[in-house]
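Engineer: One structure, as C-alpha cells, below. Some questions next.
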Amino acid sequence: MQLQAANFESPDSVDNTIAEQKAAQKTWREDLASKGLSFGLDYVMFGVASANGSQGNDVDRASGVARFYGAWQLTGKDTGNTGSLIWKVEHRHSYTQTAPKNLAFIDDVSGGPEGLGYVGMIGAAYSDQGFRVTNLHWKQKFNGGRTSLIVGWQDVTDYVDTYALGSPWTGFQNLAFQTGAGAMGLPDDGILAISAGHMLTDNFYAVAGIADANGQSDDIFDGFNTAFNESEFLTTFELGWTASQEQIYTDNVHVTVWDFGEDTRHSNATGEGGKGINFSASYFVTPQIMPFVRAGFSEGDVALYDKSISVGVGYFGLGKPTNNLGFAMNWAETNEVAFGGDKQFTAELYYNMQFGDHVQITPDIQYIKDPAMSNEDDAWVVGLRARIFI
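Start counting the sequence shown at 1372; every next residue gets the next number (the working numbering).
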C-alpha cells in the first residue's frame, strides 16, 4: 500500500503556493523541479479606502509586497521521508504615508493620519517593514510523509489554525477571517520556531509548535538572543479531523489551544501575555461550495478580541475554475484590558479573479458596524488587490 503524505500547512505556505502555480511553470523550471528545486516569485499590490474615517473624513492606504520563495528537496526523494530547505524573502513597502496595516486603528492611537477607529486589522500583511525573511527552515518528513518536523525561522500562520480562505494574498483581508479570528495572540511572521504535525489515524491529526514571541522578521539573527535570553514563547497545540491528508485545511474540523508569553512587544496594555482556545470547521458541501465556522476565546492582552465568532462561505470556481469568491460575517468583543470590551460587527465580500496564468485581481468590500474608536456609527471599506506571479 502506498503511503499518502500529509500536508499540515496552510495554503500560504511555500510548498502549497508553489504547487498552485505548477501549471504555469516553464520547461526549465520543470527540469529543476524534477531535481528537487522549486521556486516562485510574485508581486502583490493592495489599496483600501473609506469615506468613513474615525473623524468622518475620507481615508485611504496602499502598499506593495515583493516575494521570492522556494523549496529545495535535498534528501529522501521518492521515499516519502523527504528533507527540504524552505525559504521566503520579502520586501514590504507603502505607497502612502502609512500602510494598509495601520488603517484600522494603529494610526489612530499612534499619532498617524486618520484611520477607521476599528479595533481589528485590514490587510495585516501589507506593512512598510522593508526587507524581511518570513521562512528559512528545514522541513523533514517521516513515516512515509505522515509526520513532519520543521525547525528554523517560520511563519506560525503556516501551521496554526489554518483554513482554505485565510491567505492575505488570495483570500480574505480582514483578520477576523484569518488565523485566530482576531482572538489569538500572534507574533511576527519570520521567527525561530519548532513545529511538528502527525497523522494519528487516516483522518485525525495533531500539530504542535513553540515559537519565539519576541522575534522580528526584519532581523532574524537577533532571534537567537530573543529566543534563548528573553525566552518568551507562543506555544500551540491543535487536534483536528480531516477528510484529506493531502489538503488538511479544506474539509477540516480542529481545536487549537495557545499560550503567549509575558512582557513581549505584542502586549496591548499590561504585558500580561495571554492564552486562549480557537475552533474551526469547514467542509465542501458541493465540489465548489465550502461553508465555514470559526471562533476564538482569549484571556490576557495580546489578542485584539476576547471573543470572536465568524461564519462564511467560499465558492471555488465561480465564473471559471481559477476564480474564487468569499463572503463572511464576524461578531467580536474587543479585548477588555486593552480596548474596553466593545462589540463590533464586520462583514467582508471578495472575488478573486485570475486572468491568464500570471495575474489575479481581487475587488473587496467590507462593512463595519460600531467601530470601537470611531465617531462614526459604521464604515464601508473598499479594497483592490492585484497579484502578479511567475
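C-beta: ideal position from N, C-alpha, C; glycine also. Everything numeric in this text was worked out from a predicted model, so none of it was measured.
#1: Are the CB atoms of T1528 and S1588 nearer to each other than 7 Å?
#2: For T1606 versus D1583, is the C-beta distance shorter than 7 Å?
#3: Return yes when the Cβ of A1495 is within less than 7 Å of the Cβ of L1546, no when it is not.
#4: What does a CB cutoff of less than 6 Å around I1732 pick up in its chain, not counting 5 residues either side in sequence?
#5: Do you know how far the Cα of V1656 is from the Cα of N1639?
#6: Ignoring anything shorter than 4 residues, give me the alpha helix (DSSP H) runs that lie fully in the segment 1457-1512, in order along the chain.
#7: Bridge partners of G1568, per DSSP?
#8: Cα-Cα, which of T1450, G1454, V1436, A1437 is closest to Q1444?
#9: Work out the CA separation of P1742 and K1459 for me, nearest whole Å.
#10: In the DSSP assignment, find the alpha helix (DSSP H) that holds W1399 and state where it starts and stops.
#11: Opposite P1662 in the DSSP bridges: which residues?
#12: According to DSSP, is E1609 helix, strand or coil?
#13: Please identify the residue among G1411, A1709, A1437, D1728 whose C-alpha is closest to the C-alpha of V1480.
#14: Less than 8 Å between the CB atoms is what I'm expecting for Y1466 and T1388, so what's the real figure, rounded?
#15: Buried or exposed, going by whether 16 or more other CB atoms sit within 10 Å of the CB of Q1373?
#16: Are the CB atoms of Y1686 and I1660 within a distance shorter than 7 Å?
#17: Of the choices R1463, I1521, N1473, whose alpha-carbon is the least far from that of F1502?
#18: Straight-line CA distance for A1420 to R1432?
#19: Please list, in chain order, all residues of the same chain as P1662 whose beta carbon is under 6 Å from its beta carbon, the five residues on each side excluded.
#20: How long is the line joining the alpha carbons of D1342 and E1747, rounded to whole angstroms?
#21: Could you name the residues that DSSP lists as bridge partners for N1378?
#22: Let's see if you can read the secondary structure: which residues bound the beta strand (DSSP E) around A1420?
#23: Please report the straight-line C-alpha distance between D1386 and R1438, rounded to a whole angstrom.
#24: For A1437, which beta-bridge partners are listed by DSSP?
#25: Between E1601 and E1461, what straight-line distance do the alpha-carbon atoms span, to the nearest angstrom?
#26: In angstroms, rounded to a whole number, what distance separates the CA positions of V1673 and R1400?
Structural biologist: Well, looking at it:
#1: no
#2: no
#3: yes
#4: M1724, A1757
#5: 39 Å
#6: 1477-1481
#7: S1519, V1578
#8: G1454
#9: 35 Å
#10: 1398-1405
#11: V1684
#12: strand
#13: A1709
#14: The pair is not a contact, with the Cβ atoms about 24 Å apart (cut-off 8 Å).
#15: The predicted model places Q1373 with a pLDDT of 38, which falls under 50 and marks its position as unreliable; any figure quoted below should be read in that light. Label assigned to Q1373: exposed.
#16: yes
#17: R1463
#18: 7 Å
#19: V1684
#20: The shown model of the chain, from 1372 to 1761, leaves out residue 1342, and the question about it has no answer.
#21: Partner(s): none; N1378 has no beta bridge.
#22: 1408-1421
#23: 14 Å
#24: Y1414, H1462
#25: 26 Å
#26: 43 Å
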